[in-house]
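Protein chains: 2
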Amino acid sequence: MTNVPTGYDKHAFEPFAVTVDLAVFTVRADALQVLLVERALDPYAGSWALPGGFVLPRESAEAAARRELAEETGLPGDVVEALHLEQLRTYSDPDRDPRMRVVSVAFAALVPDLPEPRAGSDAAQARWVRYADAEPLAFDHDRILRDARDRVRAKLEYTGLATAFCPPEFTLGELQQVYETVWGTTLDRPNFRRKVLATPGFVEPADGPRRRTAGRGKPAALYRAGGAGALHPPLLRPGGKGGGPR
Amino acid sequence: MTNVPTGYDKHAFEPFAVTVDLAVFTVRADALQVLLVERALDPYAGSWALPGGFVLPRESAEAAARRELAEETGLPGDVVEALHLEQLRTYSDPDRDPRMRVVSVAFAALVPDLPEPRAGSDAAQARWVRYADAEPLAFDHDRILRDARDRVRAKLEYTGLATAFCPPEFTLGELQQVYETVWGTTLDRPNFRRKVLATPGFVEPADGPRRRTAGRGKPAALYRAGGAGALHPPLLRPGGKGGGPR
DNA sequence: CACTTTATAGTCACTATGACTATTGAAGGG
DNA sequence: CCCTTCAATAGTCATAGTGACTATAAAGTG
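Those protein sequences? They're chains A and B, same order as listed. The first sequence begins at 1 in full-length UniProt numbering and counts up one residue at a time. The second sequence begins at 1 in full-length UniProt numbering and counts up one residue at a time.
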């Protein structure tokens, strides 16, 4: 396995292991939570880590990520197929794994509130942990997790990504809760509503039964995610322009 | 090389080749241009491709990208060290290279107007080509190039990235030229000036000699890139809000 | 029913913005 | 040497978006 295939250029061909690591986020209980697994084997046995695993010989990194996600969470395949999965970046430091040279493609996945995961075969157990309580993790997963969180926070501003945290039909209040949780801010409800509805393609009305959870006030209208990828205008975090104190 | 290192989980370990591919952009002659190399060897011998090559055994993907960039362009090492290099994403389709399983980490690099590149050792020749004239390229490089262009266009809006296309000291006119070229729009000069100067950390005044190129009008003040990463508020593309026709 | 709670509608002052006009300052030509 | 020319810079104005805030509507609870 050390012979260089013909047609390749001057640099030595050297084999690498390629893995995927997944930062799976959800919003539950007013907190951003991430799916972690407890490592069964050395190195870092007993430590918590991001779920992930090897890319198989005839599989793309995306496919590997979805397969691993299904294995770790026990979710049915069609649900996993539909999840928002986004490639984050690739971590390739030569010493990131003490055993050998491993290059890892990291993904961020955004899921609505899911049932508790079951332990996968690779991991002693899997569970949701609040982002703030996740560290320390095995390998360089602290860094990956932080990068993933930063990316998700930023993308809420200028894409319709927040809807990926919501069920297929949701209220504007639920959507606002996602923003407030991920950004750690509070937003004015009428203003939030105005902006979301004024952004074309962000959400579209759905006509389901309006009351889904018990509660007092007026039942909220339901919306579906719109087709728009990028938001125009973006839903910027507060602290910017417009209207000073009155 | 088929034995699985101990401590690894159930999936078979399988070696991959790992490469980097570079989309090196510059703005010259009022056009977005990209650095291409002509492939000397099969497959795709004689086709144009993005520069790139293998990641060495003790090297990160970033280091490999900078090394390949230096080799292909003949730029001095310290210049290459300072360039803006940004990881784009990783391409891992099992069939993207007809010879073997190759996973490639793609980077986008933004450089100011550089001297003509010299041919590197891996490539028959290297040259700048207008983005519009670049396709078709070898492998899946058309896709990589398009992804890179999209990313650069988008990041101009909400980061200070445009300064990476400019020399260390530049005029606001030069900066505006970058935006107009990359976005393919024309911008109103006074408005552009106002927005850039009103965005904290985007640019800061420099005090060099004001006239660098021959020309008639009043010589422009020089600016340096400011420290800001993300721009607040972002420099959105026109077509949005504000002041309708008067 | 009174009272609470949540959704939704609307007001207002301030600000960023796009379109546009005016002035300044430095060549270049005659 | 003046006067044209051209780009940089300064300023104006009407509109739309925004944050803070108030008001109304609709549903449930005791």
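Beta carbons are placed, not taken as given, at the ideal position from N, Cα and C, and that holds for glycine.
Of the residues the options, the one placed nearest residue i, counting alpha carbons only
i, options, result
"Ala-65 of chain A", "A:Gly-74, A:Leu-75, A:Pro-76, A:Pro-51", "A:Pro-51"
"Glu-180 of chain A", "A:Val-20, A:Phe-16, A:Gln-125, A:Arg-237", "A:Arg-237"
"Pro-167 of chain B", "B:Arg-149, B:Val-79, B:Arg-216", "B:Val-79"
"Val-105 of chain B", "B:Thr-171, B:Thr-19, B:Asp-147", "B:Thr-19"
"Arg-224 of chain B", "B:Leu-161, B:Pro-190, B:Thr-213, B:Val-37", "B:Leu-161"
"residue 258 of chain B", "B:Asp-142, B:Arg-153, B:Gln-177", "Residue 258 of chain B lies beyond the stretch modelled for chain B, which goes from 1 to 246, so this question has no answer here."
"Glu-86 of chain B", "B:Glu-62, B:Leu-69, B:Gly-77", "B:Glu-62"
"Ala-228 of chain A", "A:Gly-217, A:Thr-159, A:Asp-188, A:Arg-189", "A:Thr-159"
"Leu-235 of chain B", "B:Pro-200, B:Arg-67, B:Asp-21", "B:Pro-200"
"residue 253 of chain A", "A:Asp-147, A:Ala-220, A:Gly-239, A:Ile-144", "Outside the displayed span of chain A (1 to 246) sits residue 253 of chain A, for which this structure offers no information."
"Asp-113 of chain A", "A:Leu-75, A:Arg-216, A:Lys-195, A:Leu-197", "A:Leu-75"
"Arg-149 of chain B", "B:Ala-17, B:Phe-16, B:Leu-22, B:Pro-15", "B:Leu-22"
"Pro-57 of chain B", "A:Pro-94, A:Pro-219, A:Phe-192", "A:Pro-94"
"Asp-147 of chain B", "B:Thr-90, B:Gly-217, B:Asn-191, B:Ala-17", "B:Thr-90"
"Arg-99 of chain B", "B:Ala-17, B:Ala-220, B:Leu-172, B:Leu-156", "B:Ala-17"
"Val-182 of chain A", "A:Arg-151, A:Pro-190, A:Leu-172", "A:Arg-151"
"Pro-219 of chain B", "B:Ala-82, B:Pro-190, B:Thr-171, B:Arg-101", "B:Thr-171"
"Arg-101 of chain B", "A:Ser-60, A:Gly-215, A:Gly-184, A:Ala-82", "A:Ser-60"
"Leu-145 of chain A", "A:Ala-134, A:Lys-155, A:Gly-184", "A:Ala-134"
Local conformation of residue i per DSSP, three classes
i, result
"Phe-54 of chain B", "strand"
"Glu-68 of chain A", "helix"
"Tyr-179 of chain B", "helix"
"His-232 of chain A", "coil"
"Leu-137 of chain A", "coil"
"Asp-78 of chain B", "helix"
"Ala-206 of chain B", "strand"
"Asp-142 of chain B", "helix"
"Val-18 of chain A", "strand"
"Ala-225 of chain B", "strand"
"Ala-126 of chain A", "strand"
"Tyr-44 of chain B", "coil"
"Leu-187 of chain A", "coil"
"Asp-9 of chain B", "Because the pLDDT of Asp-9 of chain B is 46, which lies under 50, any placement of that residue in the model is unreliable, and the number read from its coordinates should be weighed accordingly. It is coil, neither helix nor strand."
"Leu-83 of chain B", "coil"
"Arg-96 of chain A", "coil"
"Glu-174 of chain A", "helix"
"Ala-132 of chain A", "helix"
"Val-111 of chain B", "coil"
"Arg-153 of chain A", "helix"
"Arg-194 of chain A", "helix"
"residue 299 of chain A", "The structure shown does not extend to residue 299 of chain A, since chain A spans only 1 to 246, so no value can be given for it."
"Glu-38 of chain B", "strand"
"Ala-61 of chain B", "helix"
"Met-1 of chain A", "Unreliable positioning characterises Met-1 of chain A in this predicted model, as indicated by a pLDDT of 38, which lies under 50. The coordinate reading is nonetheless provided below. Correct three-state label for Met-1 of chain A: coil."
"Ala-220 of chain A", "coil"
"Gly-90 of chain B", "One detail in the question is off: residue 90 of chain B reads as Thr in this sequence, not Gly. Thr-90 of chain B: strand per DSSP, three-state reduction."
"Thr-73 of chain A", "helix"
Contacts that residue i makes with chain A (C-beta to C-beta distance below 9 Å)
i, result
"Tyr-158 of chain B", "Ala-154, Glu-157, Tyr-158, Pro-234"
"Val-105 of chain B", "Arg-89, Thr-90, Ser-92, Val-103, Val-105"
Closer than 8 Å at the beta carbon, the chain A residues around residue i
i, result
"Asp-93 of chain B", "Ser-60"
"Pro-15 of chain B", "Met-1, Pro-15, Phe-16, Ala-17"
Chain-ordered neighbours of residue i on chain B, where CB pairs are closer than 9 Å
i, result
"Gln-176 of chain A", "Ordered by position in chain B, no residue passes the 9 Å Cβ test against Gln-176 of chain A, which lies about 22 Å from the chain."
Residues of its chain near residue i, where Cβ-Cβ distance is below 7 Å and the 5 sequence neighbours each way are ignored
i, result
"Ser-92 of chain B", "Val-103"
"Glu-174 of chain B", "Cys-166"
"residue 247 of chain A", "The first residue shown for chain A is 1 and the last is 246, placing residue 247 of chain A beyond what the model contains."
"Pro-233 of chain B", "Thr-199"
"Gly-226 of chain A", "Gly-160, Gly-201, Phe-202, Val-203, Glu-204"
"Ala-230 of chain B", "Tyr-158, Thr-159"
"Pro-136 of chain B", "Asp-142"
Close-in-space but distant-in-sequence residues of the same chain around residue i (CB under 6 Å, 5 per side omitted)
i, result
"Ala-164 of chain B", "His-84, Leu-110"
"Gly-208 of chain A", "Glu-169, Leu-222"
"Phe-54 of chain A", "Thr-19"
"Phe-192 of chain B", "Gln-176"
Within chain A, the residues that residue i reaches when beta carbons sit closer than 7 Å
i, result
"Arg-89 of chain B", "Gln-87"
Beta-carbon proximity list for residue i, same chain, < 8 Å, skipping 5 on both sides
i, result
"Phe-33 of chain B", "The residue you asked about is not Phe; residue 33 of chain B is Gln in the sequence shown. Around Gln-33 of chain B: Phe-25, Thr-26, Val-27, Trp-128, Val-129, Arg-130, Tyr-131."
"Ala-138 of chain B", "Arg-39, Pro-43, Tyr-44, Ser-47, Trp-48, Ala-49"
"Gln-177 of chain A", "Val-27, Asp-30"
"Arg-96 of chain B", "Val-102, Ser-104, Phe-139, Asp-140"
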